[in-house]
Structures are given as C-alpha cells and as structure tokens.
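Read the structure below first, then the notes.
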Amino acid sequence: MSLTQYYTATSLDGFIADPENSLSWLFTRRQEQDGLLNYDEFIADVGALAMGTTTYEWILDHEFAGQDPAEWTWPYDVPCWVFAHRELPVVPNARIEFRSGDVATVHPEMVDAAGNRNVWIVGGGDLAGQFADAGLLDELIVYVAPVTLGAGAPLLPRRIELDLVELGRNGDFACARFAVVDAPVAPDAAVVDIDAAVVAGIRADAAVPRVDAAVPRADAAVVASLRAGLHAAWTHRTVRAVLLATIAMNTLFFTYQHMLPVFARDVLAVGPEGLGALAASASIGATLTVLLLTLLPATAPRRSR
Ligand SMILES: NC(=O)c1ccc[n+]([C@@H]2O[C@H](COP(=O)([O-])OP(=O)(O)OC[C@H]3O[C@@H](n4cnc5c(N)ncnc54)[C@H](OP(=O)(O)O)[C@@H]3O)[C@@H](O)[C@H]2O)c1
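Letter by letter, the sequence shown follows residues 342 to 646 in our numbering.
As structure tokens, then:
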C-alpha cells in the first residue's frame, strides 16, 4: 500500500530552514549513509514527490547555480508536483506538474503515479500540513539536528497527533518515524458527545441553585392556589352552607353527647326525657344560624389592580 510521507530534517526547535532559507546548519552535521532511516533506503520506496514554491526555488538555486537553464538536470526521476500560485522556471525534460489549490484533488494523481511506492512530501511544513488537514498524511520521518535556530520555516505548523513508531540515532541526528494518528469519526464524535455531556453537566450543576431557588417559588404557588381554591369555595354559597352545616352538626353532636347530659342533670335538673327536647331545640337554633350565615352575601376580598 502506498504511504504519503513527510521526510525531512529539522532543528531541535522545529525549523526546516533558517530565516534566510539556508540549510547550512543541516549539511555541516554528520550522518551515516546506511544508518537508521537513511535517505537511500527511503527514496528507493518513493514513487512521487510534492513540494511548494520555496523548496522548488531552493533546488533551482542550489542545484543549478551558474548553469544555463538548458543544462539543468532535475535530480529526481519520479514524477513531482510543485504547488505554486505563480509561474516558475521550468526544468527541461523533468517530470514536473505545477498545481495550485486543494492538495486533496491532486493527491489521487500522485498516488496513481507512485504505483505501489510512496508519496514523499518534500516540504515545506505547511504543504505537509495541507495533506494532513485532508487526512492524507500517513507518516512523519524526521532527522533532528543538534541545533536551535530560533526562527525560520516551520517543521509542521499544525496540531497533529502522532504515534512514535521508530526512534534512534544516525550520526549527529536523533531520528524518528511517527505514524499520523487517524482522526476517526466515531471517537471524535464521542469526544464531542463527552464535551456536550460535560457542558450539559455543568449546565445541570448550574441549574441546581436555580431549582433550589424555584422551590420557595413552587411553595408560594401552591399556597396561592390553595388560598384561591378556599376563597372560591367560601364565596360559593352551597359549599359554604355545607361547610357551616358540617361544623354545626359536629358541634351539636359533641354538645349532645358530652355537655347536654351534664347541663340537664346538674343545672336544669331534668331527666333523660327532657334531654331530647333540649337537643331538638338546640339543633333547630343551630340550623337556623347556619341558614342565616349561608344567606349572608359573600365577603370576597377586593381585587387589587
Ligand atoms: N530541512 C529539510 O530537510 C528541508 C526539506 C524541504 C525544504 N526545506 C526548506 O524549507 C523551506 C520551506 O519553505 P516554505 O515554508 O516556504 O514552504 P514551501 O512549501 O516550500 O513553499 C511555500 C509556498 O508554496 C506555495 N504553495 C504552498 N501550498 C500551495 C498550494 N496548495 N497551492 C499553491 N501554492 C502553494 C506558496 O507559494 P506561492 O504562493 O508564492 O506560489 C507558498 O508560499 C525552504 O527553504 C526549503 O528549502 C528544508
């Protein structure tokens, strides 16, 4: 299977060229030709290249300095795609395609041309990043030079998650191969879900005080509706009559059962036969009182505006 690889050398602080586009910091370092992740083995598996304008111009300037363009000999025999927005000098008889815009639309051509070999993103860092953005970058192979540059062309100006696959030393360089961690749809969606859940949790937490605060409001509402119900009941004559009659009957029953016998015996000095007449007259009096009260107009409180 064809891989798309970004193979490059970088300073320790992440620059692939210094601010003057010089690589002098790189070529002065020692490396073993047959050492770890060496160029010869790497390029043997490369079937297509991609580079940006600056890298292409760097090759023109350094490979062909002082030569007549007709004598230029392109150093690669595999097809190369140069991404540029402007017209650039053409190397005669070279398999170079100039393209502009979305790297993803060009990538299938490159993979096709590479056959079962790999696609090498030569540089710069942002171009490699464009392939990564499109999910097309598989590997990053770096030679880290023991130098810091402070400024220059960035190695890979993106946040990309990587797995360290191979690590070692070649001459002065620390070398590593990283696999680009795919951005799988499901885990990403899960992360979004988790984020959403966290946000929802935070919102729920934030809502707790509001729920608590709502409790007194709910109590107040219940009390208010009870009050309104009682008021409505009280102002309804039938309901009021039933309530009053119930109270009157209970009072009468209590009086008849407990108080009247004592009153009749000790105060009136009547026997059980006088007790019935006493209870009947008390009942009639109480019922009349209830009826009178029932017929009174309702005393509804005035509504305030
Ligand atoms: N350390 C190493 O092993 C190593 C390896 C490779 C390169 N280098 C060096 O690193 C430096 C990299 O330069 P750089 O960061 O400027 O990157 P670059 O990719 O070489 O050049 C960037 C330019 O390429 C053009 N470009 C990029 N993407 C494009 C697209 N999708 N469509 C059209 N045009 C596009 C744009 O130029 P225009 O708009 O001007 O056309 C852009 O400004 C160079 O000095 C190079 O020599 C070092």
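Here a beta-carbon is modelled for each residue, glycine too, at the ideal position from N, C-alpha and C.
Between residue i and residue j, what straight-line distance do the alpha-carbon atoms span, to the nearest angstrom?
i: Leu503; j: Val460; result: 19 Å
i: Arg650; j: Ala582; result: The structure shown does not extend to residue 650, since the chain is modelled only from 342 through 646, so no value can be given for it.
i: Gly493; j: Glu450; result: 31 Å
i: Ile462; j: Val452; result: 12 Å
i: Phe356; j: Ala389; result: 24 Å
i: Ala515; j: Gly509; result: 6 Å
i: Gly465; j: Thr349; result: 9 Å
i: Val526; j: Ala475; result: In this prediction, Val526 scores a pLDDT of 45, lower than 50, which makes its location untrustworthy; the coordinate-derived value is nonetheless stated afterwards. Spanning the two alpha carbons is a distance of roughly 14 Å.
i: Ala517; j: Pro487; result: 14 Å
i: Val444; j: Val521; result: 17 Å
i: Thr630; j: Ser624; result: 10 Å
i: Met342; j: Tyr380; result: 20 Å
i: Ala473; j: Glu361; result: 26 Å
If you follow the alpha helix (DSSP H) that residue i is in, where does it begin and where does it stop?
i: Phe368; result: 365–368
i: Phe383; result: 380–385
i: Glu507; result: That residue, Glu507, is in no alpha helix (DSSP H); its beta strand (DSSP E) goes 503–511.
i: His403; result: 394–404
Find out if the Cβ-Cβ distance for the pair residue i, residue j is shorter than 7 Å.
i: Ile496; j: Thr351; result: Here residue 496 turns out to be Leu, not Ile, going by the sequence shown. Contact: yes.
i: Leu344; j: Glu480; result: yes
Let me confirm a value: residue i is counted as buried when at least 16 other C-beta atoms fall within 10 Å, else exposed. Which label applies?
i: Ala559; result: Confidence in Ala559 is poor, its pLDDT being 49 and thus under 50, which makes the residue's placement too unreliable to answer from.
i: Asn457; result: exposed
i: Val608; result: exposed
i: Glu588; result: It is Ile, not Glu, that sits at residue 588 in the sequence shown. By the neighbour-count rule (16 or more Cβ atoms within 10 Å), Ile588 is not buried but exposed.
i: Val483; result: buried
i: Ala618; result: exposed
i: Gly393; result: buried
i: Asn591; result: exposed
Name the two residues that bound the continuous beta strand (DSSP E) containing residue i.
i: Glu349; result: For clarity, residue 349 is Thr in the given sequence; the question names Glu instead. Taken as a continuous stretch (DSSP letters only), the beta strand (DSSP E) holding Thr349 covers 345–352.
i: Leu481; result: 480–486
i: Arg518; result: 514–521
Inset, instruction - Identify every run of the beta strand (DSSP E) within the region 412–466, keeping only runs that are complete inside it and at least 3 residues long; order them along the chain. - result: 421–424, 437–440, 459–464
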